[in-house]
Amino acid sequence: MKYISLSIALSIALAGCQSTALYQQDEQEDNQQIKSENTAKPSEIHRMLVQGIQQKTIETSAPIDVAELVEYSNVWDRIKNNLVLDIPINENVIKHRNNYLKHPDALNNLLKRSEPFLFYIIERLEANNIPIEIALLPLVESAFNPYAKSSVDASGLWQFIPGTGTHFGLKQNWWYDGRRDVVASTEGAIQYLNYLHKFFDGDWMLALAAYNSGEGRVQRAMRKNARKNRPTHYWELELPKETRDYVPKLLAIIDIIERSHEFDIELYPIANKSVVGTVPVNSQIDLNVAASLAEMSLDEFQNLNPGFNQWATDPNNATSFLLPHKNITSFNEKIALLSEKERMVWQRYQIKQGDSLGKIAQKFHIDIDSIKTINKISGTNIRAGKHLLIPVASKDGSYVLPEHLAVASKTISKPSKTKKTHIVKSGDTLWDISKAHKVSTASLAKWNNISTKSTLKLGQELVIWNESSSNTITYSVKRGDSFARIANKFKVKIKDLEMWNNLTRKEYLQPGQKLKIAVM
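For reference, each letter of the sequence shown is one residue, going 40 to 559 in our numbering.
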């Protein structure tokens with residue numbers, strides 16, 4: 040039995056609450072620009088409570104597990120009560136914080152996107168002694184979109200470029216890209232962050248800046264300041280505009296979460312509990328089959344497992360899937376009943392001397408167009424020694440191209456450009472505008488005959504060119520399909536379906552019938 044006195048801890052907490060009340064009054068007077076030095080943060084109160092509990096233990100039959108004493112119903116309380124990073128009174132932090140607060144719905148949409156992964160990331164960071172709030176870094180890096188890709192080929196939640204990803208153990212090949220794999224990339228980010236933290240002698244601000252622009256660039260900026268007898272901490276360094284905004288954006292989000300009640304913003308609720316787990320698979324498996332075993336749609340399955348480049352896992356490497364806890368038992372039970380051969384709907388065929396697409400199609404009882412679509416072949420030339428991916432024919436010799444592969448193997452038409460005009464508003468930067476319109480800062484500067492370091496003026500008009508393309512897929516009609524059902528599935532109009540295929544909606548669709556569909 041445990042006997043614990045909390046009198047000292049409670050008195051500290053009450054003192055902190057009084058300071059907080061004073062702080063709220065000061066902030067109202069200063070229009071939320073100045074933070075009182077006497078404020079006791081919730082995280083400080085939490086630490087003092089824990090220290091008080093540990094120091095005033097009178098009698099205990101077993102060591103006290105602090106984690107057992109504090110339970111959080113949501114991740115935001117867990118984060119705000121365990122903060123490590125200091126948030127300074129800084130013009131750039133305040134600017135980004137106010138910008139987020141002006142668009143609470145947009146911020147909550149970002150927070151909502153983190154829901155499947157945030158608890159998992161928090162647990163992994165805590166286990167590796169990394170400040171818990173750095174779990175929010177993907178909000179700044181990728182908006183928690185695992186498919187996000189930058190102009191410099193950075194990819195995934197944590198935005199690894201190919202070289203850095205390889206250095207930190209993220210496999211990248213034709214089948215798979217570990218930079219997009221949530222579990223693998225989080226482990227890579229942990230290694231990278233710990234390396235940078237050690238490289239900069241325990242300074243998290245410098246480590247975060249280097250995560251964005253590289254340790255070499257940050258180190259050169261520090262040496263330049265040192266030669267001029269200037270401070271070498273993050274806030275004094277001459278860094279690229281993107282990096283100067285990078286850390287303040289993260290701190291702004293942390294500040295909003297820490298003081299959400301003061302800012303009167305209701306954060307999208309995310310429970311402080313594990314919702315996903317990993318399941319190992321020791322053989323190649325078709326993703327459609329895996330999704331079916333997990334009792335999930337293919338879209339749901341791929342949203343949790345975005346690291347796969349193709350429709351199946353790598354045949355040369357074991358893998359694991361991230362699945363909701365409620366689906367794991369079903370998956371394990373069903374996959375145990377499948378032989379390795381039954382887990383694949385495809386096979387890899389090595390082209391032999393004298394082979395042609397026609398011969399291969401005849402050999403495997405499929406049509407030439409399917410082979411060309413699957414392997415992204417535009418002509419008819421093939422080379423001996425190369426490999427083709429071949430779908431396995433069903434018993435009746437017919438084959439229907441799986442919908443997910445049909446969509447992934449689009450024939451892309453020549454892009455057409457559309458012109459937009461952006462009017463510069465207060466707080467706008469080239470980097471912010473480029474992110475919003477999914478273009479590079481270099482392109483934005485080039486289109487407007489300015490430098491990437493130019494200062495934007497209020498009311499300035501910027502030209503933005505966006506490329507759009509029409510992607511044509513071939514869809515095989517399934518039993519029960521109708522014009523309306525197919526149009527709804529691909530978010531197109533029935534009249535367009537009719538036009539693309541020279542049909543009318545009055546005609547009866549036959550299972551196996553091929554339809555052309557242009558999707559944007």
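Even for Gly, the Cβ is constructed at its ideal location relative to N, Cα and C.
The Cβ atoms of Val-314 and Asn-371 do not sit closer than 8 Å to each other.
Per the coordinates, the alpha-carbon of Gly-418 lies some 33 Å from the alpha-carbon of Tyr-547. Under the Cβ criterion (8 Å, minimum of three pairs), the stretch 154-173 does not count as touching the stretch 321-334. Under the three-state reduction of DSSP output, Phe-360 falls in the strand class. For a cut-off of 8 Å, the C-beta gap from Ile-410 to Ile-399 is around 6 Å, short enough to register as a contact.
Taking C-beta atoms under 8 Å as the contact rule, Leu-427 and Ile-295 fail to qualify, at a distance of about 52 Å. A distance below 6 Å between beta-carbons, with the five flanking residues on each side excluded, links Thr-282 to the following residues of its chain, in chain order: Ala-248, Asn-251 and Ser-252. One alpha carbon belongs to Trp-385, the other to Glu-154, and they sit about 34 Å apart.
Taking 8 Å as the upper bound for CB-CB distance, Leu-124 and Trp-243 are in contact here, some 6 Å apart. In this model, Leu-149 and Trp-115 are separated by some 14 Å (Cα to Cα).
Taking the Cβ atoms as the reference, Leu-175 lies roughly 12 Å from Ile-309, outside the contact range of under 8 Å.
Secondary structure of Ala-329 (DSSP, three-state): helix.
Ser-181 counts as buried, since at least 16 other C-beta atoms from the protein chains shown sit within 10 angstroms of its C-beta.
Residues of the same chain with a CB within less than 6 Å of the CB of Ser-190, apart from the 5 flanking positions on each side, are Ser-479 in chain order. Val-221 sits in a helix when the DSSP states are folded into three classes. Rounded to whole angstroms, the Cβ separation of Trp-504 and Trp-486 is 6 Å, and the two are in contact under 8 Å. For the alpha helix (DSSP H) assignment, the uninterrupted runs of no fewer than 4 residues enclosed by the stretch 242-319 are, from N- to C-terminal side, 243-252, 254-266 and 280-297. By the neighbour-count criterion, in which a residue is buried when 16 or more other Cβ atoms sit within 10 angstroms of its Cβ, Leu-497 is exposed. Under DSSP, the beta-bridge partners assigned to Thr-513 are Lys-555. Annotation for Tyr-139: no beta strand (DSSP E) segment contains it, though the alpha helix (DSSP H) segment containing it runs 130-141. From the listed residues Tyr-215, Ala-228, Arg-218 and Leu-209, the smallest Cα separation to Ile-173 is found for Ala-228. By the neighbour-count criterion, in which a residue is buried when 16 or more other Cβ atoms sit within 10 angstroms of its Cβ, Ile-133 is buried. Judged by DSSP secondary structure, Arg-524 falls within the alpha helix (DSSP H) whose first and last residues are 522-529. Arg-544 sits in coil when the DSSP states are folded into three classes, being neither helix nor strand. The C-alpha of Leu-377 lies about 16 Å from the C-alpha of Thr-352.
Rounded to the nearest angstrom, the gap between the Cα atoms of Val-516 and Ile-413 is 18 Å. Assignment of Glu-165 by DSSP, reduced to helix, strand and coil, places it in the helix class. Residue nearest to Leu-332 within the set Asn-344, Arg-382, Asn-348 and Ser-299 is Arg-382 (criterion: CA-CA distance). The C-beta of Gln-341 has 16 or more other C-beta atoms within 10 Å across all chains shown, which makes the residue buried.
When rounded, the separation of the alpha-carbon atoms in Gln-211 and Pro-279 is 29 Å. The continuous stretches of beta strand (DSSP E) do not include Trp-470, which lies in the alpha helix (DSSP H) extending over residues 469-475. Per the coordinates, the alpha-carbon of Ile-169 lies some 18 Å from the alpha-carbon of Glu-297. Counting the other Cβ atoms within 10 Å of the Cβ of Val-502 gives fewer than 16, which makes it exposed. Within the same chain, Cβ atoms closer than 8 Å to the Cβ of Ile-429 are found at Trp-385, Gln-386, Arg-387, Tyr-388, Ile-399, Phe-403, Ile-405, Ile-410 and Ile-413, the five residues on either side in sequence being excluded.
Annotation: Arg-117 is outside any beta strand (DSSP E); the continuous alpha helix (DSSP H) that includes it extends over 114-119. Residue environment analysis places Met-261 among the buried positions, since at least 16 neighbouring C-beta atoms fall within 10 angstroms of its C-beta.
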